[in-house]
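Participant: The following block contains the structure, expressed as structure tokens.
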Amino acid sequence: MFEYTITATDPHTAARTGIFQTPHGALLTPVFAPVGTQATVKTLTPRDLADLGATLVLANTYHLYLRPGTALIQDFGGLHSFMGWPGPLLTDSGGFQVFSLALMRKLDPDGVTFRSHIDGSLHRFTPESAIANQEALGADIIMCLDECADPLDRRYNEEALRRTHAWAARCKAAHRRADQALFGIVQGGIYPELRIESARTLRALDFPGYAIGGLSVGETKEQMYATLDITVPELPTDRPRYLMGVGAPEDILEGVARGIDIFDCVLPTRVARNGGLFTRQGRLNLRNARYAADPLPVEPGCDCYCCQHFSRAYLRHLFKAGEILGLHLATIHNVRFMMRLMDEIRSHIAAGTFAGFRERFLAGYQAPNQEARHAQRARYVARLKEKEGIP
RNA sequence: GUGGCCAUAGCUCAAUCGGCAGAGCAUCUGGUUGUGGCCCAGAAGGUUGCGGGUUCAAGCCCCACUGGCCACC
11 MFEYTITATD PHTAARTGIF QTPHGALLTP VFAPVGTQAT VKTLTPRDLA
61 DLGATLVLAN TYHLYLRPGT ALIQDFGGLH SFMGWPGPLL TDSGGFQVFS
111 LALMRKLDPD GVTFRSHIDG SLHRFTPESA IANQEALGAD IIMCLDECAD
161 PLDRRYNEEA LRRTHAWAAR CKAAHRRADQ ALFGIVQGGI YPELRIESAR
211 TLRALDFPGY AIGGLSVGET KEQMYATLDI TVPELPTDRP RYLMGVGAPE
261 DILEGVARGI DIFDCVLPTR VARNGGLFTR QGRLNLRNAR YAADPLPVEP
311 GCDCYCCQHF SRAYLRHLFK AGEILGLHLA TIHNVRFMMR LMDEIRSHIA
361 AGTFAGFRER FLAGYQAPNQ EARHAQRARY VARLKEKEGI P
């Protein structure tokens, strides 16, 4: 179980294709996992997901632990049967959400105590309970409890890294189910020495796969790419590498080129629900007045149900009118866009033409305004700190 | 017909004693990276119903007109 077979390597980059065997099916990598936080990819049925070509779906342990409870899902035969998704599943540990969503958190060497963002009730995660929760959910790939620090705070990262490494060892020791692959998570912010130390420490624990966490959380894209450049080479080549929380189409290309095999991200589905539609030219904001009478499909040539049957004008109307169908159709398109992108990436790696494909894609793809992104991020962080009383 | 109340941004409404005309929604634009359809940021939008008057200064006070609502014939 959990054999990872490399099927092709790109001659010009670190990109590779592979097959990762799981109890619920084989994953062709590089693979992108749509996010189904609360045991559902918002607006999509499992049948939609299968039709779109999705193979791996991520669900969040933090949310499912709080509601409806991991024990209840276990009583229903686990997450696969509860949510009606027969394919491979991945759950995170819940650690990240404790730090990003919970109303309060108190760290100690043994774990983290926090208050639910839903009702304020008091809870606690330890490495052992994080594993127990994920064993109850029964996903094919599960994650160690880790601590995601501010990527630009060196001292915090040093401190968080000690906990993350100790917790990784305890997670591995606590993990019993042989039908789940437990991945370790490399942390260390944007600091090369910390990333290298983290990768080596986790590698010594011998996980069936390795995740890179703590990225796409506030650093620049250049810093993220540079961190991948120094981290991936420290990981074993015969195990899948999972870049958590990424990403945008341009980041997928850059990640694959640096040897990443697995991605997950809310971006395609979240942006879809706000009228942002992916195309090869960049993102199209359907709320814009310029599409009010546009008879074209979102992306001419796309084979998705949305593009095959509906105009931009109709989709814009659905969004302006607040109709549910707009969210569904936009999500269908964006997930299909990601799946087609991954298909093409795998084909080009297999054919040895990935480098040229990446270059052409990035030349034609207009990424969102980085200044606006970072300005917003700064405001968000400022609000968070104000909320928590940090000067 | 008589009396009273009202008229401010596309809509619903603020504006202290007469002292730089604002908000929410809608519109327009940008953003969302280990998920709240939430949300965040910015922009545009005004001859304060019309015409006079008083005043250094009027959305606010006075007169007339127009339109609306209420009450009573």
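The opening residue of the first sequence carries number 11 in this note's numbering; numbering runs sequentially from there.
C-beta: ideal position from N, C-alpha, C; glycine also.
If you're wondering where the values come from, they're calculated on a predicted model, not measured in any experiment.
Compute the Euclidean distance between the alpha carbons of A340 and Y375, then round it to the nearest angstrom.
Facilitator: Answer to the nearest angstrom: the Cα atoms are 19 Å apart.
Participant: Measure the alpha-carbon distance for G199 versus T230 and round it to whole angstroms.
Facilitator: The alpha-carbon atoms of G199 and T230 are separated by roughly 12 Å.
Participant: May I ask which residues mark the beginning and end of the beta strand (DSSP E) holding K272?
Facilitator: Checking the displayed sequence, the identity of residue 272 turns out to be Ile instead of Lys. Its beta strand (DSSP E) spans residues I272 to C275.
Participant: Under 8 Å, with one C-beta from each stretch per pair, do the region 188–195 and the region 150–170 reach the 3-pair mark?
Facilitator: Output reads yes: the region 150–170 touches the region 188–195.
Participant: Could you tell me the alpha carbon to alpha carbon distance between S226 and V67, rounded to whole angstroms?
Facilitator: Cα to Cα, the separation comes out at about 19 Å.
Participant: Go ahead and label T241 buried or exposed: buried means 16 or more other beta carbons lie within 10 angstroms of its beta carbon, across all protein chains shown.
Facilitator: Buried: at least 16 other Cβ atoms inside 10 Å.
Participant: Between the C-alpha atoms of R134 and C275, what's the straight-line distance to the nearest angstrom?
Facilitator: Straight-line Cα distance between these residues: approximately 26 Å.
Participant: Fully enclosed by the region 221–265, which alpha helix (DSSP H) runs are 4 residues long or longer?
Facilitator: Fully enclosed alpha helix (DSSP H) runs of 4 or longer: 231–241.
Participant: Going straight from the alpha carbon of L76 to that of G87, what length do you get?
Facilitator: Near 18 Å, if we compare the C-alpha coordinates of G87 and L76.
Participant: Quick one: residues in its chain with C-beta nearer than 6 Å to the C-beta of G35, no 5 flanking neighbours on either side, listed in chain order?
Facilitator: Same-chain partners within the cutoff: G97 and P98.
Participant: Should H384 be labelled buried (16 or more other beta-carbon atoms within 10 Å of its own) or exposed?
Facilitator: With fewer than 16 other Cβ atoms within 10 Å, it is exposed.
Participant: Applying the criterion that 16 or more other CB atoms from any shown protein chain within 10 Å of the CB defines a buried residue, is S110 buried or exposed?
Facilitator: So S110 counts as exposed.
Participant: Note down the Cα distance separating G121 from Q107, rounded to an integer number of angstroms.
Facilitator: Going from the Cα of G121 to the Cα of Q107 covers about 14 Å.
Participant: Between which two residues does the beta strand (DSSP E) carrying Y75 extend?
Facilitator: Run containing Y75: none in the beta strand (DSSP E); it sits in the alpha helix (DSSP H), T71 to L76.
Participant: Enumerate in chain order the residues of its own chain whose CB-to-CB distance from R283 is below 6 Å, with the five nearest sequence positions on each side excluded.
Facilitator: Excluding sequence neighbours, R283 sits near L337.
Participant: Taking the Cβ atom as the reference point for each residue, do I29 and T17 lie within a distance shorter than 8 Å?
Facilitator: Their beta carbons are under 8 Å apart, which means I29 touches T17 by this criterion.
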